[in-house]
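Here is the structure we will look at, set down as structure tokens.
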Amino acid sequence: MANTLDPMDLKQILRLHIDGYSNRKIGETLDISRNTVNNYIKLFNACDYEFEELLHMDVSELKELFSSITTINNNRYNELMTYFQQINEAKLHPGFTFRFHYNDYRTKVKNPYSYTQFMEHYRRKHAKIKGSMKLNHEPGNEVYIDFAGKKLQIIDKETGELIPVEVFIAILPNSQYTYVEACYSQKREDMISCMANALRFFGGVPKAIVSDNLKSAVTKASKYEPVVNRVFKEFAYHYNCVINPTRSYSPQDKALVENAVHLVYQRIYYPIREMDFFSLNDLNQEIRRLLDAYNDVLFQRKDASRKELFQSVEREYLKPLPTSIFEMKDYKRAKVQKIGYIYFSPDKTYYSVPYRFIGKTTQVHYTSTTVEVYFNSERIAMHKRNYSTGTYNTIKDHLSSAHQAYSEWSPDYFKQKAAKHGDNVVAFIEGVLSHVEYPETAYKRSMGVIQLHKTYGSERLNNACKRALYAGTFSYQRLKNILENNLDKENYEVLQMEVFESHIPKHNNLRGSSNYQ
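Going by this note's numbering, the letters in the sequence shown line up with residues 826 to 1342, in that order.
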């Protein structure tokens, strides 16, 4: 089945078109069919919006405006590339013809290419096999990133344990100006943090970030159409650039950054080999000191250093940094519960959504400060993130009328409700609320007490509360028993005797409480 372009890919096409790239160059940069790019550019030109307006639209709006167009069918193409290996092995054999192998190819696959396409793909593939292309790097066009294969280490102050750390490297290929930083892992969070620090170090943003097929950057590696991590795409969109993973099996794409890794081993790793570091910050300070010296070293065949070439040539081609800091988003799926909340598992908390979405499955986008809830690409709720476990975070407008009334419950609310039925009901409710550690746990009991007036009337409820108060009980069930057994109708004097007169007869031999002190 063919893959489709998602709205973030459309934004990358728009960004490169605005930057002046041709349709062919856009296709090469993003590994997308040129015809696909042509079709989208035609659609963009035909719509009623400017390219800048389209670039700043929400994902859902773009998705609605432009239907997805299929790109390369990877399975079909991979079958063809595999078959070409057989052709190359047999090409020097006497009597070899392409027509013979094409007929053989047609019998072995379900969906063969035409002979014309077969030959066109072979010529392209054969040209790549014959030689390696020297890449010319335009200033400010790309930044190459990778992690070094060898790790550094820091020492835990408490235990003395050696903790291995990764080393991130970014290089601007035109000037070869380099950035190096140590981090705890190659995970997405650390990689994006290092990438942001690198762009601040350069003081600007190139048009594209060229990454190796890192797990933190590429969700699905492919020679022809890799799938870039969504968060990394959003990072690129925030910094006004695009992501372009290196091509698999194309060493020339990685030669520059791999050479930079070897130089980092020589200029940074080796000088600190006998030094001990007790924090990542201390290690990065030393790396930065050695890095400045590394960027100041003159090239052997040029009368300039990396830093001088960067400042004199490449810096002016970089785009300006954004004014705001990128906040990394993570994603979760959550079903809206019957009470109108989604359960947010990372913090074990609950967030309200409009009650009409009860039973729907939503996608939660969250950062360190906010929690956003989306349904079918439409944002339906946004909350400030609350890290307190078990809390319910509520926006009142999200609740149905019945649930909104529930959200207004408080001790004063129930006292006001009870006042309509008599002073004894108020006193009973006050007792219910005061006999629990948290008033919220008594709200349902209080509501149950007040609702008894619907069955027995306000007067009887007031009398029943009076009898329960004399008995010193604040149980809903005891109050209900009084009403069901008509005990509220008994004579008040009899009630007083029951409560205050002891059933034990008076006797002269009885000792008082003073005898037990």
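Ideal Cβ positions, reconstructed from N, Cα and C, are used throughout, including at glycine.
- At a cut-off of 3 residues, the continuous stretches assigned as beta strand (DSSP E) that sit fully inside the segment 1167 to 1223 are 1174 to 1177, 1186 to 1191, 1195 to 1200, 1203 to 1209.
- Secondary structure note for Ile979: it is in no alpha helix (DSSP H), and the uninterrupted beta strand (DSSP E) holding it is 977 to 980.
- Residue pairing from DSSP places Phe972 in a beta bridge opposite Phe993.
- Of the candidates Phe1200, Asn936, Thr1195, Lys1173, Phe1200 places its Cα closest to the Cα of Ile1183.
- By the C-beta density criterion, Ala1007 is buried, having at least 16 other C-beta atoms within 10 angstroms.
- An exposed status is given to Ser1104, since fewer than 16 other beta-carbon atoms sit within 10 Å of its beta-carbon.
- With respect to Pro1145, Gly1029 sits close: the two C-beta atoms are nearer than 8 Å.
- Judged by pairs of C-beta atoms under 8 Å, the segment 1179 to 1195 does not touch the segment 1053 to 1069, as fewer than three such pairs exist.
- Distance from the CA of Gln1302 to the CA of Ser1235, rounded to the nearest whole angstrom, comes to 22 Å.
- In the three-state scheme derived from DSSP, where H, G and I count as helix and E and B as strand, Tyr1009 is classed as coil.
- Closest option to Ser1010, judged by alpha-carbon separation, among Val1035, Thr1003, Lys1032, Leu977: Leu977.
- Bounds of any beta strand (DSSP E) do not take in Tyr1090, whose DSSP letter is neither H nor E.
- Cα atoms of Arg1113 and Phe1057: separation of roughly 25 Å, rounded to the nearest angstrom.
- A straight line joining the alpha-carbon of Glu967 with that of Pro998 spans about 7 Å.
- Asn903 has its alpha-carbon roughly 17 Å from the corresponding atom of His926.
- Runs of alpha helix (DSSP H) with 4 or more residues, each lying fully within the segment 1104 to 1143, are found at 1105 to 1121, 1131 to 1134, listed in chain order.
- The criterion of a C-beta distance shorter than 8 Å is satisfied by Asn1287 and His1246.
- Annotation for Val1035: the continuous beta strand (DSSP E) segment containing it runs 1033 to 1036.
- Spatial neighbours of Ile996 in its own chain (CB-CB distance under 6 Å, excluding positions within 5 residues in sequence) are listed in chain order as Tyr969, Thr1003, Val1082, Ala1085.
- DSSP places Arg1270 in no beta strand (DSSP E) but in the uninterrupted alpha helix (DSSP H) bounded by 1268 to 1276.
- Selection Leu1277, Glu878, Glu1284 evaluated against Asn1306 yields Leu1277 as nearest (Cα-Cα).
- Going by DSSP, Arg931 is part of the alpha helix (DSSP H) stretching over 923 to 933.
- Contact between Arg859 and Asn848 holds: their C-beta atoms lie close to 6 Å from each other, under 8 Å.
- In the structure shown, the three-state DSSP call for Lys1291 is helix.
- Of Ala1289, Gly1256, Gly1273, Tyr1281, the smallest CA-CA separation from Phe1299 is found for Gly1256.
- With a threshold of 16 other beta carbon atoms within 10 Å, Phe993 meets it and is buried.
- In this structure Tyr865 does not touch Leu887 by the C-beta definition: roughly 11 Å separates them, more than the 8 Å allowed.
- For Leu879, the three-state secondary structure derived from DSSP is helix.
- Shown here for Leu1134: same chain residues with a beta carbon closer than 6 Å to its own, the five before and five after excluded, namely Ser1000 in chain order.
- Between the C-alpha atoms of Phe1027 and Tyr1142 there is a straight-line separation of about 11 Å.
- For Lys1157, the uninterrupted beta strand (DSSP E) segment begins and ends at 1155 to 1160.
- When rounded, the separation of the alpha-carbon atoms in Val862 and Phe972 is 32 Å.
- Here Tyr1004 carries a strand assignment [DSSP, helix/strand/coil].
- Per DSSP, reduced to three states, the secondary structure at Glu1284 is helical.
- Taking all protein chains in view, the Cβ of Arg1270 is crowded by 16 or more other Cβ atoms within 10 Å, so the residue is classified as buried.
- Cβ neighbours of Arg1285 within its own chain (closer than 7 Å, five residues either side excluded): Leu1308, Asp1313.
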